[in-house]
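Protein chains in written order, with the numbering used here: chain A, 458 to 724; chain B, 3 to 266.
Where is the CB? At the ideal position from N, CA and C, for every residue including glycine.
The model shown is predicted, which means the values in this text are computed figures rather than measured ones.
Quick notes on the structure that follows.
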Amino acid sequence: MSKTSTKKTATKPMIEMDHVSKSFGTKTVLKDINLTINKGESMVIIGGSGSGKSVTLKCILGLMENDSGVIKVDGRDIAEMDSDERHALMNKFGMLFQGGALFDSLPVWENVAFGLIHGRKMDRRQARKIALEKIDAVGMGASVADLYPAELSGGMQKRISLARAIATNPEIIFFDEPTTGLDPIMADVINDLIKKCVTDLGATALSITHDMASARKIADKVAMLYQGEIIWTGPIEKLDNSGNEYVDQFINGRANGPIAKHTEHKK
Amino acid sequence: MLFKKIAFVDLCQNSGAAVLAVFAKAGRLFAFLGCTLKHIFTPPFFYKNTLQQFLSIGYYSLPVVGLTTFFTGMVLALQSYTGFTRFNAESAISAVVTLSITRELAPVLAGLMVAGRVGASIAAEIGTMRVTEQIDALSTLSVSPYKYLVAPRIIAGTLMLPILVLIGDIIGILGGYVVSIHVLGFSPSNYLSQSWDILQFMDVFSGVVKAAFFGFIVTLMGCYHGYNSGRGAQGVGIATTNAVVSSSILILIFNYLLTQVFFS
Ligand SMILES: Nc1ncnc2c1ncn2[C@@H]1O[C@H](COP(=O)(O)OP(=O)(O)OP(=O)(O)O)[C@@H](O)[C@H]1O
Ligand SMILES: [Mg+2]
C-alpha cells in the first residue's frame, strides 16, 4: 500500500524546490515555491487551470529557467550542471507532456522506443520488442505500432505518450494530466500502471491531475497550487480534512468558495 | 519646451531600446550558431536524418533550380543578342551567358529559390515541433535537438547547394545554347568552343563557394527561426516569414561581399 511505501524508503529527497519563482514578462506564474519529493514517493499536484502546474514541471526538467530559487535533483543543483551532466540526468527522467508531444514524423513504435534507441543506445530490434510490451501495457495492441501518431485518437496519443515516458524505466517520472481525455475504465488502467511504476520499479513520481479519483489512487502526497503558490501539502489521507477551504472547494468541485471564478493573477 | 524635452528623452529611450534589441537578437543568433557548430562536429551523429535531409533539400530542389537556371540562360541569350547586335558583337553572347550563369545567376537564383522552398519548410517544421513541445520532448529523451534536428539540415544545405549549383550551371548554359542555336541561328560547335574557352576555373569555383555559403545561410535561418518560434499557429507563420525574408536578404548581402573577395 502507498502508506507503507512512503515509510519504508529512507526519506532521501529526490527533488527539492527552494524558493523558486518564475515570471513571463510582467506576469508572475510561480511565487516562491518550496516543494520536496522524496525518493520513491508519488506526489500529485492539483490546482486550477493556469495555476502554474505545467510550468513547475518544466522548471524542474530544465526546459524553462526559473528566475530565482534553487532546484535540486538527487542532491545536485540543476543550474550548475554542464550539458553532459544534464544529459546524464535526463536519462533518469521520463516525462509525459500534457499535449502528448509525440514525434509526428515517426511511427508509434519508434516514438515509444526513442529513448531506448537514442538515449540508451539499444539496438532497434530489441527496442521494438520493449516498445510493443509498453504499448500493450497502456492497453493497445501491436496493430497500432506501425501507424503514425496523427492516425490515432487523442486518448490513444496520450497513452502512447505515456508508454514513451516509461519505456526506459526511468527513476523519476513526471505525468502531466495522464488521465485527461481517457474513458473512466482506461483512466483506471493508467492509474494502475502509474502505481505499478512507483511500487514495483521504485520510481519517484510527480503527477499533475484534475481527476480526484486518479489523485486518490496514485498519490502518496498531495500539493495544491493556487495562483502560483503552494497553499497546502500533506499526505493523501489528510486531503479530505485538510482544514483548508481552498482545497475543500477544489476537491469537491464547488463553484462557490474562496477560489474566485476568474482566477486572474494578482500582481 | 518641456514637452519637447520629454519627447526628446522618449526618443532617446526608444532608439536605445531598439538598438539593444538588435544586439540582443544578434547575440541570440550567434549563440545559436555556436551551439550548432559545436554539435555538428561532436558525436553522436544522426546519419539517417542527415541522409533524409540530403534528399529533401538536395534532390527535391533539383526541378526548381533546373527550371530557374534553364529559363534564365535562355533569356540571357535573347537579351544579350538584342543588345550586342547593335555593336556587331554577337560572338560575345556565349561569354555573357556562361560567365553570368556560373558566377552570379546560378548561385543567387538557386539560393533564393531554395530559401523559399527549403528555408520555409524547415522553419515551419521545426516551429511546429517547438509549439507542440516535441523539441522539449527530445531533450527529456536525452537527445539534443541541435544534433537531431539542426545539424542534419545545416550539413545537408551546405553540401547540397554547391551540387545543385553545378547542375544549375550546366542547365543554364544549355538554356543559352538552345536559344542561340535554334532561335538565333548560331553554329553549335562555335558556340560551345567559345563558351569553353572563356570559362575559367575561378568562375565556377566562386559560384560553388557562394552556393555553400547560401546553403548554410538558408538552413541556419530556417532552423533558428523555427527553433525560436513563438506560440501557436501565428508564431509558426511569423517564424516562416522571418526565415525566408532574412535568408533572402543575407544571400544578397553575402553575394556582394563574396564577389568582392573573389574578384577584386
Ligand atoms: N511559454 C510561456 N510563455 C508565456 N506564458 C506562459 C508560458 N507557459 C505558460 N505560461 C503562462 O503560465 C501560466 C501557467 O501555465 P501552466 O501551463 O503551468 O498552467 P497549468 O497549471 O498547467 O494549467 P492547465 O491545468 O490548464 O494545464 C499560464 O497563465 C500561462 O499563460
Ligand atoms: Mg498544464
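As a quick exercise: from A:A712, A:G685, A:V565, A:E634, pick the residue whose alpha carbon is nearest that of L609 of chain A.
A:V565
Less than 8 Å separating the beta-carbons of G68 of chain B and A108 of chain B?
no
If I measure Cβ to Cβ from F34 of chain B and keep anything under 6 Å in the same chain, skipping five residues before and after, which residues do I get?
Y226
M681 of chain A, enclosing alpha helix (DSSP H) - first and last residue
Run containing M681 of chain A: none in the alpha helix (DSSP H); it sits in the beta strand (DSSP E), 678–683.
Cβ of V679 of chain A versus every heavy atom of ligand 1: is any distance shorter than 7 Å?
Result no, Cβ not under 7 Å from ligand 1.
Beta carbon proximity, E135 of chain B to chain A, threshold 8 Å:
Chain A contact via Cβ: present.
Do A570 of chain A and R585 of chain A have their C-beta atoms closer together than 8 Å?
yes
Pair within 8 Å by beta-carbon distance, G691 of chain A and K678 of chain A
yes
Start and end of the alpha helix (DSSP H) containing L589 of chain A?
Counting along the chain, the alpha helix (DSSP H) containing L589 of chain A begins and ends at 581–594.
Who are the near neighbours of K460 of chain A in its chain, counting only those whose CB is closer than 6 Å to its CB and skipping five residues on each side?
Any reading at K460 of chain A must be qualified, since the residue scores a pLDDT of 44, below 50, and its modelled position is unreliable; the value itself is stated next. There are no such residues.
Check for me: the beta strand (DSSP E) holding A662 of chain A runs from which residue to which?
661–665
Given I157 of chain B, which residues of its chain have a CB within under 7 Å of its CB, disregarding the five upstream and five downstream residues?
I42, T52
When you measure from the CB of Q555 of chain A to every non-hydrogen atom of ligand 2, does any distance come out below 7 Å?
When distances are taken from the beta-carbon of Q555 of chain A to the heavy atoms of ligand 2, the shortest one is below 7 Å.
Which value, in whole angstroms, describes the spacing of the CA atoms of E127 of chain B and D138 of chain B?
15 Å
What does DSSP give as the partner residues of V501 of chain A in its beta bridges?
A:S664, A:V679
Residue interval of the alpha helix (DSSP H) (run including K652 of chain A)
641–658
Minimum Cβ-Cβ distance from V145 of chain B to chain A less than 8 Å:
yes
Cβ neighbours of V601 of chain A in the same chain (closer than 8 Å, five flanking residues each side left out)
V565, I592, L609, M613, I617
Since K212 of chain B is in the alpha helix (DSSP H), which residue starts that stretch and which ends it?
203–229
Coil, strand or helix - L514 of chain A by DSSP:
helix
Along the chain, where does the alpha helix (DSSP H) that runs through P793 of chain A open and close?
Lying outside 458 to 724, the shown extent of chain A, residue 793 of chain A is not represented and no answer is given.
So which residues on chain B does G572 of chain A lean against when the C-beta distance must stay under 9 Å?
T142, L143, S144, V145
Beta carbon shell of ligand 1 at less than 5 Å from a heavy atom
A:F481, A:V486, A:S506, A:G507, A:S508, A:G509, A:K510, A:S511, A:V512
At the 8 Å Cβ level, is N548 of chain A part of the contact set with chain B, yes or no?
yes
Taking 7 Å as the cut-off, is the beta-carbon of I665 of chain A closer than that to any non-hydrogen atom of ligand 2?
True, at least one ligand heavy atom lies under 7 Å from that Cβ.
To the nearest angstrom, how far is the alpha carbon of S197 of chain B from that of L604 of chain A?
54 Å
On the three-state DSSP scale, how would you describe K460 of chain A?
Low confidence applies to K460 of chain A: its pLDDT is 44, below 50, so where it sits in the model is not reliable, and the reading given next is rough at best. K460 of chain A: helix per DSSP, three-state reduction.
From D475 of chain A to Y148 of chain B, what does the alpha carbon distance come to, in whole angstroms?
Each residue's Cα considered, the two are about 31 Å apart.
Any beta-carbon of chain A closer than 8 Å to the one on A139 of chain B?
yes
Skipping 5 residues on each side, what residues in its chain have a beta carbon closer than 6 Å to that of N523 of chain A?
V477, K479, C516
Using CA coordinates, which residue listed in A:K496, A:T513, A:G596 is at the minimum distance from I502 of chain A?
A:T513
Simplified DSSP state of E473 of chain A, which is helix, strand or coil
strand
Less than 7 Å between the CB of D633 of chain A and some heavy atom of ligand 2, yes or no?
At least one heavy atom of ligand 2 is found less than 7 Å from the C-beta of D633 of chain A.
Suppose you measure from the CA of A624 of chain A to the CA of S102 of chain B; what does that come to, to the nearest Å?
57 Å
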